[in-house]
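Chains A and B are the protein sequences, given in the same order. The C-terminal residue of the first sequence carries number 285 in my numbering, and the numbering is unbroken. The C-terminal residue of the second sequence carries number 1254 in my numbering, and the numbering is unbroken.
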Amino acid sequence: MRKLLTYLFLCICLLPILLGIGYSISYSLGLTGLLSEGFTWAHWRTFFTSGNLLSSTLYTLGLGVVSLLIAVAAGLVVSWTGGRYDKGLSQSHGSSLSELGILVPLLFAPVTAAFCWYQILSPGGFIARLSYHLGLITDTTDFPRIVNDEWGIGIVICHVFLILPVFTYLFTATARKHDLAALYQQSRSLGSGSVHFFRTVYAPIVLFKNSRVLWLYLIFLLGTYEVPLLLGSSSPQTFSVFIADKLTKFNLADIPAGHCMAIWYTLLITVMTLLYLRWQRRVIW
Amino acid sequence: MVGRVVTYLALAFVSLPLLAAILLSLTRSWFFPTILGPWTSQHYTDLWSGSGLVSSMLLSLGIASLISVTSTLIGGLISVALHYGKSSTSRLLALGYFPYAIAPVVLGSMLQYYFLRIGLFGSMGGVLLAQSFITIPFAVLIFSSFWSDHTTRLSAQARTLGASKKAILYGVIIPSARQWIILCSVQCFLISWLEFGLTRVIGAGEVRTLTVSIMALASQASIYEAAVACCLMLVPPVLLFLAQHKWISTPAHP
Chain A
1 MRKLLTYLFL
11 CICLLPILLG
21 IGYSISYSLG
31 LTGLLSEGFT
41 WAHWRTFFTS
51 GNLLSSTLYT
61 LGLGVVSLLI
71 AVAAGLVVSW
81 TGGRYDKGLS
91 QSHGSSLSEL
101 GILVPLLFAP
111 VTAAFCWYQI
121 LSPGGFIARL
131 SYHLGLITDT
141 TDFPRIVNDE
151 WGIGIVICHV
161 FLILPVFTYL
171 FTATARKHDL
181 AALYQQSRSL
191 GSGSVHFFRT
201 VYAPIVLFKN
211 SRVLWLYLIF
221 LLGTYEVPLL
231 LGSSSPQTFS
241 VFIADKLTKF
251 NLADIPAGHC
261 MAIWYTLLIT
271 VMTLLYLRWQ
281 RRVIW
Chain B
1001 MVGRVVTYLA
1011 LAFVSLPLLA
1021 AILLSLTRSW
1031 FFPTILGPWT
1041 SQHYTDLWSG
1051 SGLVSSMLLS
1061 LGIASLISVT
1071 STLIGGLISV
1081 ALHYGKSSTS
1091 RLLALGYFPY
1101 AIAPVVLGSM
1111 LQYYFLRIGL
1121 FGSMGGVLLA
1131 QSFITIPFAV
1141 LIFSSFWSDH
1151 TTRLSAQART
1161 LGASKKAILY
1171 GVIIPSARQW
1181 IILCSVQCFL
1191 ISWLEFGLTR
1201 VIGAGEVRTL
1211 TVSIMALASQ
1221 ASIYEAAVAC
1231 CLMLVPPVLL
1241 FLAQHKWIST
1251 PAHP
């Protein structure tokens, strides 16, 4: 029974990925599929020369890194100010209303968050209407494109919304665990300022202790689908939107490109996950 | 002062989408440049007159509940097997990260051919199976934090006192794992409840969960219905969050 369950776990973890990647490899090499004419590198050649690989990789990585950096910076500031170190209250306000309030995005599905942010940021949305009443714009066309734009501003805002509570919670918990409030009082009595303590002690400790989680979140951000689907532009596309678009639509000629991208994405994520596991192993063991 | 301003700004930022969903679900004729249209509860009363959202919600609840129960059960059993097995648990556990790291929609897109071949494409069975690929490894990872020296010593003590394997499982392990079982079932429920990509690809539009309905409504520009669906989406997580906050203490995370 034990062996059976162990094999079941191995199957659940590995079989879907291996089957998926196996099918993608054979499709991308022309060995299977409705238009298959035997082994060929043609699909890979087209994939490498089309520019989709570079544009999707840079776009997805860029969005992921920018979202992560903004969320980390905001999380650091919110956890620092929320901790009210200057008043020595960081230990006492365990679950205040503001601390619970910041967790609101955890209740949101990415698709729900994307829809709501679209209604807020689109040219016909809440902010545009408010801008009209404030006399800042006279028509929807005057409002800058924040959603479905090529820079992915709407995507970044939505990503930050979704991950900010996690980071704020983590950073606050780390600061409490390592009793940074006591350290702050000590540094104050030695003549250090708040900004100096934040820059040289608080941020480095909190970031170092959570660096693996940040890496894991970058992996997740590279695979988000709903947010770029609703808030992103049609070109460039993120990995997941590009792959789903090519593999689930009816244009047979596009399918090999989707499989090539799926292989590239899976390889990238596998390498990043292996690095995470190696990192975790070094820290834990 | 600055701290309070930053906190309020952060709270305003995270509250905006919630506010937008509630306002849009309670308004009609929301034409530019009106900030708030006339109030109405029509969209909520329409829920009971065949809008399809209630059935979507019930379907989502059904799938999420089934996933929660089966993943917790299978994940728990696998965790027991891995802990008492001879293989290196940490190496095996590391494999559990991979299905979770790859985007569900990419996994679903690569696997749709196989689901088509076994006749599960576009069916609820297919969606359940596909979601299990993510939630079972996740459940095993959650349960991995349960096993400690304390648990091992407790089981060994029970064995020394003559308890059978079954008695140890039901009398020692399961009662001590109560917090982990609750946490795991809640987390698996939420993963399934919030899931969209895999359900959309493997369900092929036939399995219309609430997340799939929101995307469909948003694409059709049915913003009021989509806003109502967004508000419905929030109900189970809010209830679970309140229940967890009030009654359940969270165990150490894996």
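Yeah, the Cβ is synthetic: ideal placement off N, Cα and C, and Gly gets one too.
The stretch 1035 to 1052 of chain B contacting the stretch 1093 to 1105 of chain B, beta-carbon criterion three pairs below 8 Å: When C-beta atoms of the stretch 1035 to 1052 of chain B are compared with those of the stretch 1093 to 1105 of chain B, fewer than three pairs fall below 8 Å, so the two segments do not count as touching.
The stretch 1164 to 1178 of chain B touching the stretch 210 to 217 of chain A, judged by at least three CB pairs closer than 8 Å: Result no; under three Cβ-Cβ pairs closer than 8 Å.
Neighbour-count burial assignment, Arg199(A), 16 or more Cβ in a 10 Å radius: Around the C-beta of Arg199(A), fewer than 16 other C-beta atoms lie within 10 Å, and the residue is accordingly described as exposed.
Proximal residues of chain E, C-beta to C-beta of Pro110(A) below 8 Å: In the structure shown, chain E does not exist; the protein chains are A and B.
Alpha-carbon spacing of Phe1013(B) relative to Trp44(A), whole angstroms: Straight-line Cα distance between these residues: approximately 44 Å.
Residue from Glu226(A), Ile153(A), Thr112(A) and Pro105(A) with nearest C-alpha to Ser1015(B): Selected option, being the one with the closest Cα: Pro105(A).
Any chain B beta carbon closer than 7 Å to Gly20(A): It does: the Cβ of Gly20(A) has a partner Cβ on chain B nearer than 7 Å.
6 Å Cβ shell around Met1258(B) - same chain, five flanking residues per side excluded: With chain B running from 1001 to 1254 in the structure shown, residue 1258(B) is simply not present.
Per-residue DSSP class, three states only, for Thr1027(B): DSSP, reduced to helix, strand and coil, places Thr1027(B) within a strand of the structure shown.
Where the stretch 1224 to 1238 of chain B meets chain A: residues whose CB sits under 7 Å from a CB there: Answer set for the stretch 1224 to 1238 of chain B: Ala1226, Cys1230, Met1233, Leu1234, Pro1237 and Val1238.
According to DSSP, residues forming a beta bridge with Trp117(A): None, per the DSSP bridge assignment.
CB of Cys116(A) within 7 Å of CB of Ala1221(B), strictly: No, these two residues do not count as a Cβ contact at 7 Å.
Chain B residues whose Cβ lies nearer than 7 Å to that of Ser98(A): Among the residues of chain B, those whose CB is under 7 Å from the CB of Ser98(A) are Thr1007 and Leu1011, following chain order.
Three-state secondary structure assigned by DSSP to Trp41(A): The DSSP-derived three-state label of Trp41(A) is coil.
Residue interval of the alpha helix (DSSP H) (run including Arg1137(B)): For the record, residue 1137(B) in the displayed sequence is Pro; it is not Arg. Under the DSSP assignment, Pro1137(B) falls in the alpha helix (DSSP H) whose first and last residues are Met1124 to Ser1144.
Trp151(A) in three-state terms, based on DSSP: Assignment of Trp151(A) by DSSP, reduced to helix, strand and coil, places it in the coil class.
CB contact check: Ile269(A) to chain B, cutoff 7 Å: Yes, contact with chain B.
Neighbourhood of Asn148(A) by C-beta distance below 6 Å, restricted to the same chain and skipping five residues each side: Answer for Asn148(A): Ser233, listed in chain order.
Within-7 Å CB hit, Phe47(A) to chain B: False, the Cβ-Cβ gap to chain B never drops below 7 Å.
Element boundaries [alpha helix (DSSP H), containing Ala1167(B)]: Bounds of the alpha helix (DSSP H) holding Ala1167(B) are Lys1165 to Ile1168.
Beta-carbon spacing of Leu29(A), Phe39(A) below 7 Å: Yes, these two residues count as a Cβ contact at 7 Å.
Bounding residues of the alpha helix (DSSP H) (the contiguous stretch that carries Phe9(A)): That run of the alpha helix (DSSP H) goes Arg2 to Ser28.
Gln119(A) versus Phe126(A) - alpha carbon distance: The straight-line gap separating the alpha-carbon atoms of Gln119(A) and Phe126(A) is approximately 7 Å.
Start and end residues, alpha helix (DSSP H) containing Pro144(A): Judged by DSSP secondary structure, Pro144(A) falls outside any alpha helix (DSSP H); it is assigned neither H nor E.
Beta-ladder partner(s) of Trp1039(B), from DSSP: According to DSSP, Trp1039(B) bridges with Thr1027(B).
Where Gln1220(B) falls: helix, strand or coil (DSSP): Gln1220(B): coil per DSSP, three-state reduction.
Beta-carbon proximity list for Ile137(A), same chain, < 8 Å, skipping 5 on both sides: So the list reads Ala128, Ser131 and Phe143, once near-sequence residues are dropped.
Short CB-CB distance (under 7 Å) between Gly1205(B) and chain A: At a cut-off of 7 Å between C-beta atoms, Gly1205(B) does not count as an interface residue with respect to chain A.
Partners in chain B for Arg129(A), counting only beta-carbon separations shorter than 8 Å: What Arg129(A) touches in chain B: Phe1032, Pro1033, Thr1034 and Ile1035.
Rounded separation between Gly83(A) and Asp245(A) - CA only: Near 44 Å, if we compare the C-alpha coordinates of Asp245(A) and Gly83(A).
Where Lys249(A) falls: helix, strand or coil (DSSP): Coil.
At least 3 beta-carbon pairs within less than 8 Å: the stretch 1173 to 1192 of chain B vs the stretch 1134 to 1149 of chain B: The stretch 1173 to 1192 of chain B makes contact with the stretch 1134 to 1149 of chain B: 3 or more CB pairs, one atom from each, lie closer than 8 Å.
Cβ distance (whole Å) where Thr174(A) is taken to contact Val206(A) below 8 Å: At roughly 5 Å, the Cβ-Cβ gap stays under 8 Å, so Thr174(A) and Val206(A) are in contact.
Met1001(B) in three-state terms, based on DSSP: Met1001(B): coil per DSSP, three-state reduction.
Separation of Pro1017(B) from Ala1010(B), as counted between CA atoms: Take the alpha-carbon of Ala1010(B) and the one of Pro1017(B): they are about 13 Å apart.
Cross-chain neighbours of Ser240(A) in chain B, by beta carbon under 8 Å: Taking a Cβ-Cβ cut-off of 8 Å, the neighbours of Ser240(A) in chain B comprise Ala1103, Val1105, Val1106 and Gly1197, given in sequence order.
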